[in-house]
Amino acid sequence: MRRIVFLGPPGVGKGTQARTLCARLGILHLSTGDLLRSAVAQGTPLGKSADGHMRAGRLVPDDLVLKILADRLAQPDAQAGFVLDGFPRTEVQAVALDGITLVDGVILFELPVQLLVHRMTERWFCPKCSTVYNFVTRPPKKAGLCDLDGTRLEQRSDDQPDAVRTRLATYQEKTKPLIEFYQQRGLLRKLDASGTAAQVGQRMRALTDD
Ligand code: AMP
69 MRRIVFLGPP
79 GVGKGTQART
89 LCARLGILHL
99 STGDLLRSAV
109 AQGTPLGKSA
119 DGHMRAGRLV
129 PDDLVLKILA
139 DRLAQPDAQA
149 GFVLDGFPRT
159 EVQAVALDGI
169 TLVDGVILFE
179 LPVQLLVHRM
189 TERWFCPKCS
199 TVYNFVTRPP
209 KKAGLCDLDG
219 TRLEQRSDDQ
229 PDAVRTRLAT
239 YQEKTKPLIE
249 FYQQRGLLRK
259 LDASGTAAQV
269 GQRMRALTDD
C-alpha cells in the first residue's frame, strides 16, 4: 500500500503514526490541518479564510481544502505515494478525491471518546517541525521544549475544551459516514489506536506491510 487515507476522530494519533509510516515507506505525509495551520501562520488569503473556522473547531469549506489538497498531490514528491492525514472529512471531499487519485487502502483509527478528549487537551506541538508531544504519555525531555530542535512547544488553539467538543461533534456528523463509504468499496482496515505510539505503530505495520 502506498496511497493511504487515515480516517478517524481528532486526537486519535493519526499525525504521529503518519510521520512514522511515511518515514518507513518513503512516502509523503500530507496533513490538510498542517497545511492550513501554516497558511494561517503566514497570513495568506487562504489562511485568513480558514482561521475562524479552525479556531472554533469547525471544518474549513470543502472548496478551499480541495484546492490545497489537489495542488499538493500534484507535486513531484507525492508521486511515490502518500498518507492523507485528516482528509477527506466530508462525503463531498471523498467523492472529489476519487477524481484526483486512486487510493489503495483506508486505515480507520478506533479509540473510545473519553480518551480522545485527554489526548487533545494534553497535547503540545513544536511549531517548527510539527512533532507532537503529550504531557502525560509522551513528555518532551526538557519541559516545554522540542526534543529535536529546542523550539518552545505550543498548544493548538483548537485543543481548548470548547473547540474540542465541536470537533468531536463535527466528526460524528460529517466524517463518520465515510466509514460506510470506504467499507462499501472494500478499502477499510481497522486499527486499534489504544496504548502507546509504539504499540499502535506495531499494529500499523501489520496492517500496511503489503
Ligand atoms: P487537524 O490537524 O487534522 O486536526 O485539522 C485541524 C483543523 O483544520 C480542523 O479542525 C479543520 O478546521 C481544518 N481541517 C483540516 N483538514 C480539513 C478537511 N479535510 N476539511 C475541512 N477542514 C479541515
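For the sequence shown, our numbering assigns the number 69 to the initial residue and increments by one for each residue that follows.
From the three backbone atoms N, C-alpha and C, an ideal C-beta is built for every residue, glycine too.
Rounded separation between residue i and residue j - CA only
i, j, result
"residue 205", "residue 191", "10 Å"
"residue 215", "residue 200", "10 Å"
"residue 96", "residue 145", "7 Å"
"residue 268", "residue 85", "8 Å"
"residue 136", "residue 103", "8 Å"
"residue 157", "residue 179", "18 Å"
"residue 276", "residue 73", "12 Å"
"residue 220", "residue 165", "36 Å"
"residue 119", "residue 223", "16 Å"
"residue 155", "residue 209", "32 Å"
"residue 252", "residue 75", "15 Å"
"residue 133", "residue 112", "14 Å"
"residue 173", "residue 226", "29 Å"
"residue 212", "residue 197", "14 Å"
"residue 149", "residue 141", "9 Å"
"residue 233", "residue 187", "13 Å"
"residue 217", "residue 246", "37 Å"
"residue 175", "residue 110", "31 Å"
"residue 185", "residue 237", "12 Å"
"residue 123", "residue 94", "32 Å"
"residue 70", "residue 88", "14 Å"
Whole-angstrom C-beta distance between residue j and residue i, which should lie under 8 Å
i, j, result
"residue 261", "residue 81", "5 Å"
"residue 235", "residue 125", "4 Å"
"residue 151", "residue 90", "5 Å"
"residue 162", "residue 249", "6 Å"
"residue 189", "residue 229", "7 Å"
"residue 312", "residue 121", "Nothing can be reported for residue 312: it is not among the residues displayed for the chain, which extend from 69 to 278."
For residue i, the first and last residue of its enclosing alpha helix (DSSP H)
i, result
"residue 83", "82-93"
"residue 250", "245-252"
"residue 220", "Per DSSP, residue 220 belongs to no alpha helix (DSSP H) and is neither H nor E."
"residue 191", "Looking at the DSSP string, residue 191 is not in any alpha helix (DSSP H); the run it does join, the beta strand (DSSP E), is 191-193."
"residue 236", "229-238"
Simplified DSSP state of residue i, which is helix, strand or coil
i, result
"residue 159", "helix"
"residue 257", "strand"
"residue 127", "coil"
"residue 213", "strand"
"residue 110", "helix"
"residue 278", "coil"
"residue 148", "coil"
"residue 188", "helix"
"residue 170", "coil"
"residue 122", "helix"
"residue 79", "coil"
"residue 115", "helix"
"residue 262", "coil"
Which residues DSSP lists as bridging residue i, in chain order
i, result
"residue 74", "153 and 175"
"residue 268", "Answer is none; residue 268 lacks a bridge partner."
"residue 200", "193"
Range of the contiguous beta strand (DSSP E) that encloses residue i
i, result
"residue 99", "96-99"
"residue 133", "Taken as a continuous stretch (DSSP letters only), residue 133 belongs to no beta strand (DSSP E), being part of the alpha helix (DSSP H) at 130-141."
"residue 206", "Neither: residue 206 is in no beta strand (DSSP E) and is coded neither H nor E."
Near the ligand GTP: residue i beta-carbon under 8 Å from a heavy atom
i, result
"residue 81", "Among the ligands present in this structure, namely the ligand AMP, the ligand GTP is not found."
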